[in-house]
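As given, the protein sequences belong to chains A and B, one line each in that order.
Using the working numbering, read the first sequence as starting at 110 and increasing by one per residue.
Using the working numbering, read the second sequence as starting at 9 and increasing by one per residue.
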Amino acid sequence: MPSPIIRIDNILKTYGPLTVLDGLSMDVMPGEKLALIGPSGSGKTTILRILMTLEKINGGHIEVDGDQLYHMQKAGSLAAADEKHLQKMRTKIGMVFQHFNLFPHKCVLDNITLAPMLTKGETKTAAEARAMELLDMVGMAEKAKHMPAQLSGGQKQRVAIARALALSPKIMLFDEVTSALDPELVEEVLNVMRKLAAETDMTMLLVTHEMGFAHDFADRVLFFDKGRIVEEGKPDDIFRNPRQERTQNFLRKIIAAGHRV
Amino acid sequence: MEWDWAFVWQIMPPLLEGLKITILATVLGAIVAAVVGLVLAIARRSPSPAIARPVGLLADFIRGTPLLVQLYFIFYVLPDIGIRLSPLVAGVIGLGTHYGTYAAEVYRAGIDNVPRGQWEAARATNLSIRQTWIHVVLPQAIPPMIPALANYFIAMFKETPLLSAITVLELMNQAKSVANSSYRYIEPITMVGVFFLVISLISVVALRFLEERYARVDER
């Protein structure tokens, strides 16, 4: 039995008086595809943001790939991580955002090559060759010289996926990556993610409102409410036979709102 | 009093000498202001209050006191503590830091306009803080603020006659010395006005061009 690639232990996250994550613990196994579902404000996006070190935590520990994420060994005891440690840890993790967050002043190709050249010292030639491979995989190779403003939302998101992959992370975080898209553009992004799941053994954490996709994509589904995991299990169990009343209510509302399950 | 064209041509060489100094002081002052403004703007955003607070107070202090007083201070008071500067250097430092505090506000607005998602994308792709500033934030923040910065630099240009108070031989000072030796004021002082007007008008046209070129808000 391999050990978990992510161990989240008793995480507390507050914004002022508001408690977003309340003593949350969970493990993720290497290569696992995890879907995080739940109502807005349930803390699922916050977990991804914490794993990407975009938020600070107010308590608890996280271990990623054998190292503490927010702590480091200093003179024999555990201290708060410094920027250098965080940078080392971030090489293991990539993230795709709801609103793409492409760099608008750089063309598609430069969006992808910027970080590998700056952070891994890749040559321009090597970085561009790798970027073209990734663009080919997401079906965007012919748009390499376009600016982000010239792309549709679905195309932007496929570029954003390629940008995250260019750093070869072990863990990919997808934060509602289709929520900002027009409905007809959702499928092209989901197709890329299906392909990615089939072709790589990356660990993936997915926050989504696409229940049908979550069902097909995930090995395990976690239902969040009020900063806690209410229920977890295999997609079939969660979506067909939810045990908890809150899960049942949530799924009923989602279906009523027109989402496929 | 009659306008004397022959006298105008006679005083043209010293006036042009002065104009050169005026333009030089403006260009150097603008460069100093652009750099000082950027440093102040970034320092004021520092997460450490030990840096952000004093820098903010200093900027408010410089903005809140007259440029002429600052110029006197730099040129006539600093020598008392052993810092002797040539008039032009003192003038450029005075202009540059004074307008740098205004430029800092422009930078601050430009930097605040870069969406938070851009900082987050930079962090998610593991750029360092320095790399984030250089490759992500500033290239997006600076183009939209170029018209506002240029506006301040035109204002600064029109304030350069203050440098005559610290003996810089710029346009106004040359005109004054011509007038004082010939007892004719109308031609030299009028010519100073004309020179400033012509250059300001050219600058305003250039500014319109910059506004059209950069003030468009790009779709993110």
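All C-beta atoms, glycine included, are put in the ideal place defined by N, C-alpha and C.
Delimiting residues of the alpha helix (DSSP H) encompassing residue i
i	result
residue 80 of chain B	75-80
residue 132 of chain B	124-132
residue 206 of chain A	Premise fails: residue 206 of chain A is in no alpha helix (DSSP H) and is neither H nor E.
residue 193 of chain A	192-199
residue 333 of chain A	It is not in any alpha helix (DSSP H) - residue 333 of chain A instead sits in the beta strand (DSSP E) that spans 329-334.
residue 159 of chain B	146-167
residue 181 of chain B	179-190
residue 226 of chain A	217-229
residue 45 of chain B	13-52
residue 154 of chain A	153-160
residue 222 of chain B	194-222
residue 91 of chain A	The question about residue 91 of chain A has no answer, for chain A in this structure spans 110 to 370.
residue 259 of chain A	Per DSSP, residue 259 of chain A belongs to no alpha helix (DSSP H) and is neither H nor E.
Where residue i falls, given that 16 or more other Cβ within 10 Å makes a residue buried
i	result
residue 141 of chain B	buried
residue 217 of chain B	exposed
residue 269 of chain A	buried
residue 264 of chain A	buried
residue 284 of chain A	buried
residue 201 of chain B	exposed
residue 116 of chain B	buried
residue 181 of chain B	buried
residue 219 of chain A	buried
residue 225 of chain B	Only weak support exists for where residue 225 of chain B lies, its pLDDT of 46 falling under 50; the coordinates are left without a value.
residue 351 of chain A	buried
residue 118 of chain B	buried
residue 9 of chain B	exposed
residue 87 of chain B	exposed
residue 266 of chain A	buried
residue 251 of chain A	exposed
residue 232 of chain B	Because chain B in this structure spans residues 9 to 228, residue 232 of chain B falls outside the shown range and cannot be described.
residue 234 of chain A	exposed
Sub-7 Å separation of residue i and residue j beta-carbons
i	j	result
residue 196 of chain B	residue 212 of chain B	no
residue 316 of chain A	residue 162 of chain A	no
residue 63 of chain B	residue 52 of chain B	yes
residue 336 of chain A	residue 157 of chain A	no
residue 170 of chain A	residue 181 of chain A	no
residue 113 of chain A	residue 135 of chain A	no
residue 363 of chain A	residue 320 of chain A	yes
residue 132 of chain B	residue 204 of chain A	yes
residue 99 of chain B	residue 176 of chain B	yes
residue 142 of chain A	residue 281 of chain A	no
residue 214 of chain A	residue 289 of chain A	no
residue 221 of chain A	residue 272 of chain A	yes
residue 179 of chain B	residue 26 of chain B	yes
residue 332 of chain A	residue 132 of chain A	no
residue 231 of chain B	residue 41 of chain B	This structure leaves residue 231 of chain B out entirely; chain B is present only between 9 and 228.
residue 112 of chain B	residue 49 of chain B	yes
Residue interval of the beta strand (DSSP E) (run including residue i)
i	result
residue 173 of chain A	168-173
residue 249 of chain A	First-last for residue 249 of chain A: undefined, no H or E at that position.
residue 313 of chain A	312-316
residue 91 of chain B	Per DSSP, residue 91 of chain B belongs to no beta strand (DSSP E) and is neither H nor E.
residue 282 of chain A	280-284
residue 64 of chain B	Here residue 64 of chain B belongs to no beta strand (DSSP E); instead the alpha helix (DSSP H) covers 57-71.
residue 297 of chain A	Careful: residue 297 of chain A lies outside any beta strand (DSSP E), inside the alpha helix (DSSP H) at 292-308.
Under 7 Å from the C-beta of residue i: neighbouring residues of chain B
i	result
residue 208 of chain A	125
residue 204 of chain A	132
residue 218 of chain A	The contacting residues do not exist; residue 218 of chain A stays about 15 Å from chain B at best.
residue 224 of chain A	133, 134 and 135
residue 272 of chain A	133
Contact list for residue i against chain B, beta-carbon separation under 9 Å
i	result
residue 228 of chain A	133, 134, 135, 136 and 139
residue 200 of chain A	134
Contact set between residue i and chain A, taken where Cβ atoms lie within less than 9 Å
i	result
residue 147 of chain B	212, 214 and 215
residue 128 of chain B	158, 161, 163, 204, 206 and 210
Partner residues on chain B for residue i, Cβ-Cβ distance less than 8 Å
i	result
residue 196 of chain A	134 and 136
residue 276 of chain A	133 and 134
Identity of the residues DSSP links to residue i by a beta bridge
i	result
residue 120 of chain A	A:133
residue 189 of chain A	A:180
residue 352 of chain A	None, per the DSSP bridge assignment.
residue 146 of chain A	A:332
residue 342 of chain A	A:330
residue 127 of chain A	A:124
residue 337 of chain A	A:334
residue 115 of chain A	A:137 and A:173
Proximal residues of chain D, C-beta to C-beta of residue i below 8 Å
i	result
residue 361 of chain A	No chain D is part of this structure, whose protein chains are labelled A and B.
Listed by chain order, chain A residues near residue i by CB distance under 7 Å
i	result
residue 144 of chain B	212
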